[in-house]
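Numbering-wise, the UniProt record's numbering puts 211 at position 211 of the sequence shown, and it's gapless, one number per residue.
Where a beta carbon is used, it is the ideal one built from N, C-alpha and C, also for glycine.
Note that the structure is predicted; figures quoted are calculated from it, not measured.
I have placed the structure first, in the form of structure tokens, so that the comments after it can refer back to it.
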Amino acid sequence: MWEDHQVKKPCPFIAVEGAIGAGKTTLATMLAERFDYPLLKEIVDENPFLDKFYQNIEEWAFQLEMFFLCNRYKQLEDTVQNYVSRGLPVVSDYHIYKNWIFAQRTLHGDKREKYRQIYHLLTDDLPKPNVIVYIQTELATLLKRIEKRGRGFEQDIDPGYLERLIEDYETAITQLRTQEPDTVIITIDGNELDFVEHPEHFEQIVAKIKEHL
Ligand SMILES: Nc1ncnc2c1ncn2[C@@H]1O[C@H](COP(=O)(O)OP(=O)(O)O)[C@@H](O)[C@H]1O
Ligand SMILES: Nc1nc2c(ncn2[C@H]2C[C@H](O)[C@@H](COP(=O)(O)O)O2)c(=O)[nH]1
């Protein structure tokens, strides 16, 4: 029974974030299994613009960012309807803010401004995750994992682009801490903690999350 002074914690809506290849999908899948929560997973293979984007970022950025934004909006709208608004927990392998992190890097001028307006229109009212697990990784780790994943169109990604994204993620996490002070942000060292090879590392992450559930 709840005492008057106890504050009921919100139902877990956990998002795993980090740069390309950090291990988001892998960790989100493991967490969903461990906590027995449904998994909201990004659909990458059906994206018609991604390989073209990596061949010519300037040319394809707006189409790609809009495609990701609309897809995630639809997925999150369904998730809110089916889980969040019913008080059911969920784990996601992305936070909607990811769209804006990438768009600020890939769009410029008018296109960025148009995108910014649409981004806010679509996402401002969406319920946001209350726990973010941020996998912080250095370039060498990302390159290794991208190679391991073996998607053809990612193999020639400019390391400079990845390096800038690592910085963009650092900035974004700092911004989120200020903009959403009630959101729990758990940073894990994705270079040192290897939750795939070392079960004890995964247990450390689970224990940290449990402190906030
Ligand atoms: N901690 C880890 N140790 C070793 N390999 C990993 C680890 N995390 C992820 N991987 C592998 O790295 C690749 C990228 O991981 P993935 O979860 O798809 O990253 P993201 O979703 O962040 O892009 C996959 O092949 C995955 O099996
Ligand atoms: N320009 C953007 N690229 C994106 C975005 N979301 C994902 N991606 C790319 C990065 C990877 O090549 C691939 C899968 O993403 P992961 O983060 O799961 O590795 O898609 C985006 O919003 N904009």
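Which residues bound the alpha helix (DSSP H) around residue i?
i: D158; result: Where D158 is concerned, there is no enclosing alpha helix (DSSP H), given that its DSSP letter is neither H nor E.
i: I118; result: 109-123
i: I101; result: 97-106
Per DSSP, what kind of secondary structure is residue i in: helix, strand or coil?
i: D78; result: helix
i: I205; result: helix
i: F153; result: helix
i: I135; result: strand
i: V91; result: strand
i: V84; result: helix
i: E180; result: coil
i: D51; result: helix
i: E147; result: helix
i: K9; result: coil
i: D168; result: helix
i: F195; result: coil
i: L162; result: helix
i: D4; result: In this prediction, D4 has a pLDDT of 49, which is less than 50 and means its spatial position is unreliable; what the coordinates show is noted afterwards. The answer is coil: DSSP assigns D4 none of H, G, I, E or B.
i: L69; result: helix
i: K210; result: helix
i: K41; result: coil
i: E46; result: coil
i: I20; result: coil
i: L27; result: helix
i: Q126; result: Checking the sequence shown, residue 126 turns out to be Leu, not Gln. Three-state result, L126: coil.
Using the rule of at least 16 other Cβ atoms within 10 Å of the residue's Cβ for burial, across every protein chain shown, is residue i buried or exposed?
i: N130; result: buried
i: L121; result: exposed
i: F153; result: exposed
i: T141; result: buried
i: E203; result: exposed
i: N56; result: exposed
i: V91; result: buried
i: G160; result: exposed
Excluding sequence positions up to five away, which residues of its chain have a Cβ less than 8 Å from the Cβ of residue i?
i: L126; result: Y73, L76, E77, V80, I96
i: I20; result: L142, I146, E154, I157, L162, L165
i: N99; result: E65, F68, L69, R72, Y119, T123
Near residue i, which residues of its chain fall below 7 Å by C-beta distance, leaving aside the five closest residues on each side in sequence?
i: P10; result: N130
Please work out which residues of its chain come closer than 6 Å, Cβ to Cβ, to residue i, disregarding the five sequence neighbours upstream and downstream, and give them in chain order.
i: D4; result: Legend: pLDDT at D4 = 49, less than 50; position of this residue unreliable, value from coordinates given subsequently. Closer than 6 Å at Cβ, skipping near neighbours: no residue.
i: A22; result: I135, T137, G190
i: E211; result: none
i: V16; result: K24, L27, A28, D93, V133
i: D194; result: H201
Go to residue i, then tell me how far its beta strand (DSSP E) extends in each direction, as first and last residue.
i: Y37; result: Element bounds for Y37: n/a, residue is neither H nor E.
i: F13; result: 13-17
i: T187; result: 184-189
For chain D, check one thing: does any of its Cβ atoms lie closer than 9 Å to the Cβ of residue i?
i: I209; result: In summary, chain D is missing from the structure at hand, where a single protein chain is found.
Are there three or more Cβ pairs, one per stretch, closer than 8 Å when the stretch 83-92 is compared with the stretch 31-41? Because the criterion of three Cβ pairs below 8 Å is met, the stretch 83-92 and the stretch 31-41 touch.
State whether the stretch 99-109 contacts the stretch 57-67, with contact taken as three or more CB pairs (one from each stretch) at a distance under 8 Å. Yes, the stretch 99-109 touches the stretch 57-67.
Three CB pairs or more closer than 8 Å across the stretch 153-171 and the stretch 184-200: Between the stretch 153-171 and the stretch 184-200, the count of C-beta pairs closer than 8 Å stays below three; the two stretches do not touch.
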